[in-house]
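Okay, structure first, notes after.
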Amino acid sequence: MSTAASPLLSPDLIAQLERLELVSRKVFRGRMKGERRSKRKGQSVEFADFRNYVAGDDLRFIDWNTYARLDRLFLKMFLEEEDLHFYALIDASTSMDFGDPTKLSHAKQLAAALGYIGLVRGDRVRIETLGQPARERAPVLRGRASLWRMLAHLDTIQAGQEGGLTEGVKNFCLRNSGKGIVVLISDLMDKAGYQDALRYLLAQRMDAYIIHVLSAEELDPAIKGDLRLVDSEDDDVAEVTVSAPLMARYKKTLAAFLEGAKDFCSRRGMTYLSASTQVPVERLVTSYLRRRGLVR
Amino acid sequence: MFPNNWSDPLSSLPETGLGLPFWGPITWGQIVWAGVLTVPPLIVLLYFLKLKRQPLEVPSTYLWHKSIEDLHVNSIWQRLRRSLLLFLQLLLVALVLLALAGPAWRGTELPGNRFVFLIDNSASMSATDAPPSRLEEAKRRVGELIDQMKSGDTAMIVSFSDVARVEQSFTDNRKLLRHRLASIRQTQRPTSWSEALKVASGLVNPGQSRDAPITEDPETTRAELFIFSDGRFADVKDFSFGNLNPTYVPIGDPAAPNVAITAFGTRRREDKPDMLQAFGRVENFGPKPARVEVELYLNETLAEADDVKAVEVPPGEAQGVAFDLEMIDTGVLKLKLGQADPLEVDNQAWAAVNKPRRTKVLLVAPEASDRPGRPGNEPLWYALTTGRAAELADVTSQTPAWLSTPEYRKAAAGGLFDLMIFDRCAPPAEESKPVLPQSNTWFIGSLPPGAGWTADPKVDVPQIIDTERGHPLMQLAEVSDVLIAEATPLKLPPGATSLIDSSSGPLLAIAPRDSYEDLVLAFELVGTDRVGSNWHVRLSFPLFVMDLLTYFGGRHDPLATGSVRPGQPVNLRTDTPAAELSVVTPSGQTVAIRRGKLDTFLFAGTDQTGIYEVRRGPDAIERFAVNLFDAVESDIKPRPEIKAGHVAVAGKPALQPKRREGWKWLVLAAFGVLLFEWYIYNRRVYL
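Going down the list, the protein sequences come from chains A and B. Residue numbering for the first sequence follows my numbering, beginning at 1 and increasing consecutively. Residue numbering for the second sequence follows my numbering, beginning at 1 and increasing consecutively.
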């Protein structure tokens with residue numbers, strides 16, 4: 001239940017993040033003019049195509065040079081530059097409140113870092129949690145000046161928001177119909193399975209990134225003896241006697257779980273990244289996510 | 001789960017004493033038992049406590065459930081594993097309880113912690129009735145005892161025949177003891193127990209040696225004495241075991257047969273002087289009558305047709321055999337029994353016939369007053385110069401004045417004579433020079449100077465009351481009819497034997513001196529002025545003189561060569577000056593011997609029976625025979641008990657029955673169960 005001792009964004013990290021930008025593998029339509037190419041043709045310096053002039057077109061876009069040569073009116077079209085919708089979806093369930101630093105604080109740092117990149121590049125940034133009410137929307141942030149609002153919003157996110165992974169993703173999808181990049185930061189530890197939740201994201205046709213956060217006590221549990229393990233979320237009990245063979249068996253199961261998630265994502269065009277809380281956010285963002293293509 | 005018989009240990013609880021109130025004095029055993037009996041319930045309690053697992057909150061049991069999913073499939077095994085652990089724990093406690101109950105069984109043990117092993121390696125121990133031989137059997141048994149020695153026990157090994165030999169002094173090194181034990185060799189010597197006892201007791205009993213502290217704790221010096229022998233030796237008088245606790249382990253079969261040659265010699269036939277008679281004595285020590293063939297070999301061949309004789313010997317009796325032979329000059333005679341028996345060494349006997357050499361005798365006597373040039377002891381001179389005596393001896397005479405000449409000194413120091421007779425005179429006593437000659441001597445009416453001989457004042461007409469018939473000199477001398485005018489009864493030096501005892505004291509005595517003997521007669525045969533006694537007119541006198549010549553010169557008699565017992569040293573003499581002689585032993589070994597201090601050659605390596613050949617350079621000059629000829633050794637029936645001092649030691653097995661504690665093994669088993677349990681506990685995921 002410890003609160004994150006470290007600030008969400010350190011000055012060093014901010015300096016590194018300045019140089020990065022979010023990359024979408026798909027080109028989406030934005031709401032406002034931004035710094036990204038859009039499918040829409042519009043006003044920018046980047047030429048896109050010609051088309052015949054029809055009545056009512058803006059005379060300013062007629063290519064007069066072509067008219068002079070061909071004696072026909074052509075309309076010169078430019079690529080519209082638009083903003084990008086960036087969603088960070090944080091799992092704030094009780095199970096995320098474990099580890100040192102907690103998985104939740106790790107997730108919040110990640111969201112802050114990615115959100116900051118978006119803000120700097122003029123993207124639309126919205127940070128939501130899985131457990132928030134279906135109708136409630138998180139504020140949309142845009143521009144560097146919104147950094148403090150974003151951080152303040154992140155601070156309000158506390159662990160203990162129950163509700164299944166699938167339910168949370170479904171609500172998110174209902175709230176946010178627009179296209180964009182969604183980064184789901186979760187431990188995927190849902191007894192109902194993570195597959196349905198991810199399918200919802202797929203259906204949204206968003207560019208989905210799954211960051212699978214696991215703490216050290218899940219990756220390499222330092223427990224032994226005869227124990228009654230109590231699930232933090234549903235008080236489910238598992239009686240185990242931890243011995244070397246059982247530990248080996250657990251590790252095998254864990255590896256299979258991670259491999260399964262990765263396999264599921266890569267088959268469906270989602271990018272999967274397993275992140276231990278022991279790996280600093282800086283390294284995750286500047287190295288791992290860069291390699292995965294989320295930032296550049 | 002709880003075993004039904006868990007209360008069994010209760011039934012084996014020790015008696016707490018009758019009539020004691022419940023709150024009576026609590027013994028240590030009761031406390032221990034009370035503590036021990038709480039253990040099984042405690043285990044069950046702990047077992048149930050163990051089921052209360054410690055709760056621990058984890059982020060999610062998702063993965064754990066998946067991990068133990070497979071295990072749940074094997075839940076029967078899991079349950080069994082639990083009960084297996086409980087079962088093992090209860091088994092462990094049962095074993096511990098059983099160990100505490102102190103089970104035991106009959107076993108044997110080696111009592112004490114200091115041991116002296118006396119191992120007989122005399123001739124009789126070579127008997128094969130305890131295969132391979134009695135000595136090997138004794139060594140095997142000692143080996144077993146050494147194996148039984150506990151850590152820190154010390155032991156000593158002494159082998160004994162007629163001499164005792166400390167093979168290994170006290171040590172706790174069992175390997176060394178086994179090594180020394182294996183190195184004990186068979187000898188063909190007779191047995192004397194006393195030396196071995198003295199060696200053992202000298203090392204164990206304090207106070208018998210000067211340096212031993214008197215205040216030594218008797219417990220630390222107490223030692224167990226194990227005697228491995230057939231008991232064929234004379235009992236020891238005047239011995240106290242002190243701190244030694246003797247155990248006699250008889251080795252051998254009491255019903256073992258043995259026929260032995262106990263004597264073998266040659267003699268000129270009285271009726272036919274040119275014939276030789278070989279006679280042997282065959283004794284049967286077995287429990288049954290024996291019929292044996294006795295064979296006589298001359299130089300390893302059966303010489304005559306009647307050289308094989310069959311004799312019937314009843315048990316416990318002896319039978320003589322005699323063979324007639326042509327006179328031989330030199331050669332080796334061997335007597336052999338045709339039948340084999342457990343003891344091989346006494347089935348053969350040898351006799352050596354050497355070239356004759358006459359005994360050199362010097363008579364020193366005052367000159368006869370009536371016949372110048374003749375010694376003044378006429379009867380003795382006659383007796384020494386008879387035809388028969390002349391065959392044996394070469395007799396010369398000198399006057400007492402000669403004793404102070406340098407020639408005498410040379411003759412005395414060089415040992416030129418075998419026997420010197422001093423009649424009423426004695427060699428002059430001089431300081432720093434050998435007073436007595438390197439010869440045997442006979443002093444008549446005088447005393448050897450400086451050899452411890454003294455005499456009482458003169459007595460008149462002493463009556464002879466006893467003679468030592470056992471001595472070779474007195475065997476044929478019947479002196480009871482001898483009258484003596486006057487005598488000076490002798491005071492004997494240590495080691496002397498009185499041959500003729502009179503009412504006033506010894507009149508004739510013999511005492512050893514180095515390798516010689518001094519014979520002293522306390523009265524004059526022929527007085528200076530009158531006749532001293534009438535011995536010279538008795539038949540016993542010439543017989544005595546003949547015995548004298550045979551005895552002192554016997555070594556050179558071609559026929560009566562005495563046999564040497566194994567281990568006995570032999571004094572060899574040679575006429576010619578040679579610095580070195582060599583002796584060829586029966587096994588073909590050549591041993592060089594040098595001239596000793598006393599101008600003789602001492603050969604001590606007579607361990608084997610058989611013929612020894614003495615050589616000077618390449619020439620054989622003499623042979624002598626070594627034979628067992630020991631009825632005590634040949635009688636191989638192991639004695640049921642032996643006696644030392646006033647203590648009779650009865651034969652019994654060396655190991656004594658003892659309660660063997662079994663708790664160690666149970667504790668060991670419990671430890672094994674503990675290990676197995678630990679293993680199961682650590683591997684239980686798979687069980």
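For every residue, glycine included, the Cβ atom is placed at its ideal position computed from N, Cα and C. Please read these numbers as outputs of a predicted model, since none were measured by experiment.
Neighbour flag for residue i against chain A, beta carbons, 8 angstroms
i	result
I43 of chain B	no
I680 of chain B	no
I31 of chain B	no
I157 of chain B	no
S183 of chain B	no
E677 of chain B	no
S767 of chain B	Outside the displayed range of chain B (1 to 687) lies residue 767 of chain B, so it cannot be described from this structure.
L85 of chain B	no
P14 of chain B	Because the pLDDT of P14 of chain B is 44, which lies under 50, any placement of that residue in the model is unreliable, and the number read from its coordinates should be weighed accordingly. By this cut-off, P14 of chain B is not an interface position.
Residue i at chain B interface by Cβ criterion, 8 angstroms
i	result
D187 of chain A	yes
E233 of chain A	yes
E239 of chain A	yes
L165 of chain A	no
I223 of chain A	yes
K191 of chain A	yes
D220 of chain A	no
R297 of chain A	Past the boundaries of the shown model lies residue 297 of chain A; chain A is included only from 1 to 296, so the question cannot be answered.
D91 of chain A	no
F98 of chain A	yes
S95 of chain A	yes
D236 of chain A	yes
S287 of chain A	no
Beta-carbon proximity list for residue i, same chain, < 7 angstroms, skipping 5 on both sides
i	result
I14 of chain A	Y116
V395 of chain B	V361, L363, L384 and T385
L154 of chain A	L8, K108, A111, A112 and I127
L499 of chain B	T467, E468, H471, L473, M474, L508, A509 and I510
R595 of chain B	A579 and F601
Close-in-space but distant-in-sequence residues of the same chain around residue i (CB under 8 angstroms, 5 per side omitted)
i	result
S151 of chain B	D172
A159 of chain A	M1, A92, S93, T94, M96, D97, T102 and L104
M206 of chain A	Y87, K179, G180, I181 and V182
V140 of chain A	R124, V125 and R126
Cβ shell of residue i (< 6 angstroms), same chain only, five flanking positions each side left out
i	result
A670 of chain B	L92, L95 and V96
E293 of chain B	V308, A310 and G338
K637 of chain B	P254
K139 of chain B	L181
Residue i CB to nearest heavy atom of the ligand SAH below 7 angstroms
i	result
K252 of chain A	With respect to small molecules bound, the structure shown includes none, and the ligand SAH cannot be examined in it.
**Item:** Chain-ordered residues of the region 51-65 of chain B with a beta carbon less than 9 angstroms from chain A
**Value:** L51, K52, R53, Q54, P55, L56, E57, V58, P59, S60, T61, Y62, L63, W64 and H65
**Request:** Indicate whether the contact test is met: 3 or more Cβ pairs, each with one atom in the region 229-246 of chain A and one in the region 50-65 of chain B, closer than 8 angstroms.
**Result:** yes
**Message:** At a CB distance below 7 angstroms, what residues from the region 241-258 of chain A approach chain B? Give them in sequence order.
**Reply:** For the region 241-258 of chain A, which is checked against every Cβ of chain B, the residues closer than 7 angstroms are S243, P245, L246, R249, Y250, T253, L254 and F257.
**Item:** Validate contact between the region 468-481 of chain B and the region 435-449 of chain B using beta carbons, cut 8 angstroms, 3 pairs
**Value:** no
**Message:** Across the region 367-374 of chain B and the region 321-329 of chain B, are there enough close Cβ pairs to call them in contact, namely three or more that are closer than 8 angstroms?
**Reply:** no
**Request:** For the region 145-160 of chain A, enumerate the residues whose C-beta is nearer than 8 angstroms to any C-beta of chain B, in chain order.
**Result:** none
**Prompt:** Can you list the alpha helix (DSSP H) stretches of 4 or more residues lying completely in the region 47-93 of chain A, in chain order?
**Reply:** For the region 47-93 of chain A, whole alpha helix (DSSP H) runs of length 4 or above, ordered along the chain, are 64-70.
**Every unbroken alpha helix (DSSP H) within the region 603-674 of chain B, with a cutoff of 4 residues, ordered by chain** = 631-634
**Message:** Under 8 angstroms: do the region 639-653 of chain B and the region 236-243 of chain B share three or more Cβ pairs, one atom per stretch?
**Reply:** yes
**Length-filtered (3 minimum) beta strand (DSSP E) runs lying within the region 352-429 of chain B** = 359-364, 393-398 and 419-423
**Request:** Run through the region 223-296 of chain B for me and flag every whole beta strand (DSSP E) of 3 or more residues, listed as ranges in chain order.
**Result:** 223-229, 244-250, 259-268 and 275-284
**Request:** Can you check the region 106-171 of chain A for any alpha helix (DSSP H) of at least 4 residues that lies completely inside it and give the ranges in chain order?
**Result:** 147-156
**Request:** Select from the region 195-217 of chain A all residues with a C-beta closer than 8 angstroms to any C-beta belonging to chain B, and list them in chain order.
**Result:** S215 and E217
**Request:** State whether the region 602-611 of chain B contacts the region 339-353 of chain B, with contact taken as three or more CB pairs (one from each stretch) at a distance under 8 angstroms.
**Result:** yes
**Prompt:** Can we say the region 616-633 of chain B touches the region 165-179 of chain B, given the rule of at least three CB pairs closer than 8 angstroms?
**Reply:** no
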